[in-house]
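2 protein chains.
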Amino acid sequence: MIDFERECDVCEELCEHPQNICLAKADAISDEEAQLVAETFKLLGDTTRLKILHALSKRELCVCDIAAVVQMGQSAVSHQLRLLRGSRLVKYRKEGKMVWYSLDDEHISSLLQQGIEHIRHT
Amino acid sequence: MIDFERECDVCEELCEHPQNICLAKADAISDEEAQLVAETFKLLGDTTRLKILHALSKRELCVCDIAAVVQMGQSAVSHQLRLLRGSRLVKYRKEGKMVWYSLDDEHISSLLQQGIEHIRHT
DNA sequence: TTAATACATGAACAGTTATTCATATGTTGA
DNA sequence: TCAACATATGAATAACTGTTCATGTATTAA
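For the record, the sequence lines run as chains F and P. Here our numbering is used: the first residue of the first sequence is 1, the next is one more, and so on. Here our numbering is used: the first residue of the second sequence is 1, the next is one more, and so on.
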């Protein structure tokens, strides 16, 4: 139970609705969490990466196969894979000179699917 | 049933794995869909917008309340709201000189929640 | 060892994006 | 009609992002 009269430091003046603001602040996500979540969504927010992730959600692929599927240069794909690796959205295993990529968990696959469903129902 | 021997136009040379590529191409999302989905995720991929959407997922808020909650200028918030409006992630209703914003559907709220849960389990 | 292959990476560049500032629009109450 | 207020928006700018090109590393086979 929070005493909003005391808790809230922006509860005066103009159009602002103290109660709303205080309540909203009370259950806002932290800056750090917002940052992390945004970072994840940002990675999903690029056509190339989205196609890569979608392809990987179906099967494990090596880099040059990914490049063939998304029709991009190997370098461009490698750069994107580095970002995806960095945020643990994908994992990889080496086999000789090849590297096989796959999604790191099905959580991602589920997010992806939900995004697709969203645009299909709009 | 697809005849991959005939269907696939990139099934030769180097490291590429014809079967994988052809299968992946077969169930790839279209460029247009990928574009749309990416666009949605891109909107979720910014800290300011994410905070706005998260706040709106709890309750309807007017512009200056949003500005107070996310601690941004009114102008910055308005600009972001325009983007969110444009992709129908939020809806609004006017009441006198104020405008009240809320999420357009709970689909968004659910995506948001899933994103938050993702980073909490990593 | 050497050449070929698969992948990674740094630098550079072009395109995009988020914020700020100034100003415009529209509503309300005096 | 005017002043105050809530919101929207155009322009400018700084920061960021994605691709390409050149090159580097590691692995394999000859």
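For each residue, glycine too, the CB sits at the ideal point set by N, CA and C. Predicted model only: the values in this text are computed from it and were never measured.
Between F:L53 and F:L61, the CB-CB gap reaches or exceeds 8 Å.
Fully enclosed alpha helix (DSSP H) runs of no fewer than 4 residues occupy 63-70, 74-86 of the region 53-115 of chain F, in order along the chain. Nearest neighbour of P:E106 by Cα position, chosen from P:I116, P:V69, P:L89, turns out to be P:L89. Per DSSP, the unbroken alpha helix (DSSP H) holding F:C22 starts and ends at 18-26. Scanning chain P for C-beta atoms nearer than 9 Å to the C-beta of F:Q114 yields H107, S110, L111, Q114, reported in chain order. The way I'd put it, the region 91-108 of chain F doesn't touch the region 82-96 of chain P; fewer than three beta-carbon pairs between them come closer than 8 Å. P:C15 and F:M98 do touch by the CB rule: their CB atoms are close to 6 Å apart, below 8 Å. C-alpha of F:S57 to C-alpha of F:S109: approximately 6 Å in a straight line. In the three-state reduction of the DSSP assignment, F:I119 falls in the helix class. For P:G73, no Cβ of chain F is located within less than 8 Å of the residue's own Cβ. Going by DSSP, P:D31 is part of the alpha helix (DSSP H) stretching over 31-44.
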